[in-house]
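Chains as they are written, first to last, in the numbering used here: chain A, 149 to 324; chain B, 1327 to 1580.
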Amino acid sequence: MSSSTVLRRTGGALLALILSMANFVFAESDHHLPFSELKIAEPVTHFSDTQACVEPEDEMRRNHMEYILHQRDETVHDGIRTRQYALEECINCHATKDTTTGEFIRVEDDRHFCASCHIYAAVKIDCFQCHADVPVRASIQDKLQSGMNPHDKMNNEKNLSADTLELLTSKGKFNE
Amino acid sequence: MSDTDQTTVSRREFLSKTSTATAAASIAPGVFLTSAAKAKPADTAVTADNRWGILIDTHKCADGCNSCVSACEEENGWGGSDNSEHESNDEQKSQWIRKVELKHKQTGHVTTLPVMCQHCETAPCVDVCPTGASFKREDGIVLVDKHICIGCRYCMMACPYKARSFIHEDLKDQKPWAPRGKGTVESCTMCVHRVDEDGTPACVEACDSENHQAMIFGDLNDENSIISQQLKEHGGKEIRADLGLNTGVRYRGL
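#1: Arginine 1578 of chain B CB to nearest chain A CB: under 8 Å?
#2: Indicate whether lysine 1508 of chain B and histidine 1494 of chain B have their beta-carbon atoms separated by less than 8 Å.
#3: Determine which residues share a DSSP beta bridge with phenylalanine 252 of chain A and list them.
#4: Applying a beta-carbon distance threshold of less than 8 Å, which residues of chain A neighbour aspartate 1372 of chain B?
#5: Beta-carbon of valine 284 of chain A versus every beta-carbon of chain B: anything under 8 Å?
#6: Give the interface partners of arginine 210 of chain A over in chain B, defined as CB-CB distance under 9 Å, in chain order.
#7: Using a beta-carbon distance cut-off of less than 7 Å, what residues from the region 1380-1407 of chain B approach chain A?
#8: Within 8 Å of any Cβ in chain A, is that where the Cβ of leucine 1469 of chain B sits?
#9: For glutamine 1418 of chain B and chain A, any beta-carbon pair shorter than 8 Å?
#10: Compute the distance between the beta-carbons of cysteine 278 of chain A and proline 1502 of chain B, then report whether it is under 8 Å.
#11: Looking at C-alpha atoms only, which residue of B/Asn1550, B/Asn1572, B/Leu1569 and B/Ile1542 is the closest neighbour of arginine 1578 of chain B?
#12: How many whole angstroms separate the CB atoms of aspartate 1465 of chain B and valine 1530 of chain B, which I take to be in contact at a CB cut-off of 8 Å?
#13: If I follow the unbroken alpha helix (DSSP H) through glutamate 222 of chain A, where does it start and stop?
#14: Taking the beta carbon of threonine 249 of chain A as the centre, do at least 16 other beta carbons fall within 10 Å, making it buried, or is it exposed?
#15: Can you give me the Cβ contacts of aspartate 1453 of chain B inside the same chain, cut-off strictly under 8 Å, excluding the 5 residues immediately before and after it?
#16: Where does arginine 1479 of chain B fall in DSSP's three states?
#17: If the cut is a Cβ gap below 9 Å, which residues of chain B does glutamate 236 of chain A touch?
#18: Closest Cβ-Cβ distance between histidine 299 of chain A and chain B: below 8 Å?
#19: By a C-beta neighbour count over all protein chains shown, 10 Å radius and 16 as the cutoff for buried, is glycine 1570 of chain B buried or exposed?
#20: When DSSP builds the beta bridges, which residues end up paired with threonine 1437 of chain B?
#21: What separation, rounded to the nearest whole angstrom, lies between the Cα atoms of threonine 1333 of chain B and aspartate 1524 of chain B?
#22: Which ranges does the beta strand (DSSP E) cover as unbroken runs of at least 3 residues, wholly within the region 1501-1531 of chain B, from first to last along the chain?
#23: Would you decide whether lysine 245 of chain A is buried or exposed? Buried here means 16 or more other CB atoms lie within 10 Å of its CB.
#24: Indicate the three-state DSSP secondary structure (helix, strand or coil) for valine 1575 of chain B in the structure shown.
#25: If we count the other Cβ atoms within 10 Å of its Cβ and call it buried at 16 or more, is tyrosine 268 of chain A buried or exposed?
#26: Kindly indicate if chain A contains any beta-carbon less than 8 Å away from that of aspartate 1522 of chain B.
#27: Would you kindly report the start and end of the unbroken alpha helix (DSSP H) that includes aspartate 1453 of chain B?
#28: What residue range does the alpha helix (DSSP H) around serine 264 of chain A cover?
#29: Can you have a look at phenylalanine 276 of chain A and say buried or exposed, based on whether 16 or more other CB atoms are within 10 angstroms of its CB?
#30: Tell me which residues of the region 249-280 of chain A have at least one Cβ-Cβ distance to chain B shorter than 7 Å, keeping chain order.
#31: Hey, is threonine 230 of chain A's beta-carbon within less than 8 Å of any beta-carbon in chain B?
#32: Taking Cβ to Cβ, would you say lysine 1563 of chain B is nearer than 8 Å to leucine 1546 of chain B?
#33: Looking at the structure shown, is isoleucine 1382 of chain B part of a helix, part of a strand, or coil, going by DSSP?
#34: Using the Cβ count rule (16 or more neighbours within 10 Å means buried), how would you classify lysine 1419 of chain B?
#35: At which residue ranges does the region 1537-1570 of chain B contain complete alpha helix (DSSP H) runs of 4 or more residues, listed in the order of the chain?
#36: Under 8 Å Cβ-Cβ, which residues of chain A neighbour lysine 1425 of chain B?
The following block contains the structure:
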């Protein structure tokens, strides 16, 4: 009997000690759980009924990697340079600018279109170790070059945003 | 079909002969010609009907001129213009194309020439690659598929021309048309992104705009192309012809 009581008492004392220590730790961090400070960015939606992606939204959400993978092999090995599923066009279309600085948001930032989902889903991508994560050259030149409209469901002439227009007229490689 | 081909040939002639073409002027024909006939539609795979090559006339290659190298740096985002390799030393930094100076010991005659990937038909780098990342396209351009390159650097050891480089550090702000990144091997792509859109490699364009016209780009399989005619008339040597690699880059005056 005595041994179990001692054990229980010792256990109770230990538990109390641990709890008080834990309390102390929590008190130090303003009673927040350690994870509560972690910001988890919700995925951002950049398309609407008027501005469609190259494939339906649900298809793109699930299978965008298949399209990019397919296109990548065709481009590297066979020189097929259609713009429809080109990663560069994804970036040209989905790039977002920081509202305060006016600079394009880089992929390290969780507001970047690709990063917003991939950080949320904890799926690491290595595309941007080599590929540009922000628009570099004016995409309309490539549409002219390839003779194909990358977003077949969009009327690009009418739907160009102010940012895209600025990019096309001032920052395009071929417009310098 | 013949109409298309003739248009293509005349465009290449035009580009290589327009010595006074400034950067802006050389863009204009590129844009203009998109509405005219193209050699290859964007959705068609390259075929073995073409074999792209460059003929370099070392007599015309000027001593001290470095414009082909700087044009390549600018176009593909390596070296000085980009300067993104901060951690690498000069031995480690990428070098897609270099100027080589040869001095004849007896006569003292100096020859300068650009050396880059020679785009061999039987490329040693392709032979040794364990993953198939180093490959030759149907049209003879030798490339690295960086998606499957594991960075073993066997190809660098195998290449007799020291044409390949390895990237040792994280890079930022690469050109979208020339992706390059840490842990992969890279080399001259013969400006494959330009060639696929019926363009001319940046080095050749730069040499023309310097008015040296030491480099001719064209289709070795097309007997009517300027490069084929020049090769027929004057011949062209391979560097290390003894290796029997049948290179796509040929030299005159060596």
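Glycine included, every Cβ here is placed at the ideal spot set by N, Cα and C.
Concretely, from the data shown:
#1: Residue 1578 of chain B sits at position 252 when you count from the first residue of the second sequence. Not an interface residue.
#2: Looking up residue 1508 of chain B in the second sequence gives position 182. Looking up residue 1494 of chain B in the second sequence gives position 168. Cβ atoms of lysine 1508 of chain B and histidine 1494 of chain B: closer than 8 Å.
#3: Counting from 1 along the first sequence, the entry for residue 252 of chain A is found at position 104. DSSP output for phenylalanine 252 of chain A lists A/Lys245 as bridge partner(s).
#4: Position 46 of the second sequence holds residue 1372 of chain B. Note that residue 1372 of chain B corresponds to valine in the displayed sequence, not to aspartate. Correct list: Asp226 and Gly227.
#5: Counting from one through the first sequence, the residue named residue 284 of chain A turns up at place 136. Yes, because at least one Cβ of chain B sits closer than 8 Å to the Cβ of valine 284 of chain A.
#6: Position 62 of the first sequence, counted from the first residue, corresponds to residue 210 of chain A. Result: empty, since nearest Cβ-Cβ is about 21 Å, beyond 9 Å.
#7: none
#8: Translated into positions along the second sequence, residue 1469 of chain B becomes position 143. Taking Cβ atoms only, chain A reaches closer than 8 Å to leucine 1469 of chain B, which makes this a yes.
#9: To locate residue 1418 of chain B, count along the second sequence from 1; it is residue 92. So no, glutamine 1418 of chain B is outside the interface.
#10: Here residue 278 of chain A corresponds to residue number 130 of the first sequence, with the count starting at 1. Here residue 1502 of chain B corresponds to residue number 176 of the second sequence, with the count starting at 1. Their beta carbons are not under 8 Å apart, which means cysteine 278 of chain A does not touch proline 1502 of chain B by this criterion.
#11: Indexing the second sequence from 1 puts residue 1578 of chain B at position 252. The candidate whose alpha carbon is nearest that of arginine 1578 of chain B is B/Ile1542.
#12: Translated into the one-based positions of the second sequence, residue 1465 of chain B becomes position 139. Translated into the one-based positions of the second sequence, residue 1530 of chain B becomes position 204. No, aspartate 1465 of chain B and valine 1530 of chain B are not in contact; Cβ-Cβ is about 16 Å, not under 8 Å.
#13: Against the first sequence, residue 222 of chain A aligns to sequence position 74. 205-226 is the span of the alpha helix (DSSP H), which, as asked, contains glutamate 222 of chain A.
#14: Against the first sequence, residue 249 of chain A aligns to sequence position 101. Exposed, because fewer than 16 other Cβ atoms sit within 10 Å of the Cβ of threonine 249 of chain A.
#15: On the second sequence, residue 1453 of chain B is found 127 positions in, with the first residue counted as 1. Contacts found: Ala1484.
#16: On the second sequence, position 153 is the one that residue 1479 of chain B refers to. If DSSP states are grouped into helix, strand and coil, arginine 1479 of chain B belongs with coil.
#17: Start at 1 with the first residue of the first sequence, and residue 236 of chain A comes out as number 88. Within 9 Å Cβ-Cβ: Pro1502 and Trp1503.
#18: On the first sequence, position 151 is the one that residue 299 of chain A refers to. The pLDDT assigned to histidine 299 of chain A is 44, lower than 50, so where the model puts this residue is not dependable; a value taken from the coordinates is nonetheless given after this. Not closer than 8 Å to any Cβ of chain B, the Cβ of histidine 299 of chain A fails to qualify, so no.
#19: Translated into the one-based positions of the second sequence, residue 1570 of chain B becomes position 244. It counts as exposed.
#20: On the second sequence, position 111 is the one that residue 1437 of chain B refers to. Partner(s): B/Leu1428.
#21: In the second sequence, counting from the first residue as 1, residue 1333 of chain B sits at position 7. In the second sequence, counting from the first residue as 1, residue 1524 of chain B sits at position 198. Because the pLDDT at threonine 1333 of chain B is just 47, under 50, the model does not fix this residue reliably, and the point stays unresolved.
#22: none
#23: Counting from 1 along the first sequence, the entry for residue 245 of chain A is found at position 97. So lysine 245 of chain A counts as exposed.
#24: For the purposes of this step, residue 1575 of chain B is taken as residue 249 along the second sequence, with counting starting at 1. Note: valine 1575 of chain B maps to strand in three-state DSSP.
#25: Here residue 268 of chain A corresponds to residue number 120 of the first sequence, with the count starting at 1. Exposed.
#26: The residue given as residue 1522 of chain B occupies position 196 in the second sequence. At least one chain A Cβ lies under 8 Å of aspartate 1522 of chain B.
#27: Reading the second sequence from its first residue, position 127 is the one you call residue 1453 of chain B. 1450-1454 is the extent of the alpha helix (DSSP H) around aspartate 1453 of chain B.
#28: Taking the first residue of the first sequence as 1, we reach residue 264 of chain A at position 116. Element bounds for serine 264 of chain A: 261-269.
#29: Within the first sequence, residue 276 of chain A is the residue found at index 128, counting from 1. With 16 or more Cβ atoms within 10 Å of its Cβ, phenylalanine 276 of chain A is classed as buried.
#30: Gln277, Cys278, His279 and Ala280
#31: On the first sequence, position 82 is the one that residue 230 of chain A refers to. Closer than 8 Å to some Cβ of chain B, the Cβ of threonine 230 of chain A qualifies, so yes.
#32: The sequence position of residue 1563 of chain B within the second sequence is 237, counting from 1. The sequence position of residue 1546 of chain B within the second sequence is 220, counting from 1. Going by C-beta atoms, lysine 1563 of chain B is not nearer than 8 Å to leucine 1546 of chain B.
#33: In the second sequence, the residue the question calls residue 1382 of chain B occupies position 56. Correct three-state label for isoleucine 1382 of chain B: strand.
#34: Indexing the second sequence from 1 puts residue 1419 of chain B at position 93. Buried: at least 16 other Cβ atoms inside 10 Å.
#35: 1552-1560
#36: The residue you call residue 1425 of chain B lines up with position 99 of the second sequence. Within chain A, no residue comes near lysine 1425 of chain B; the closest Cβ sits about 26 Å away, beyond 8 Å.
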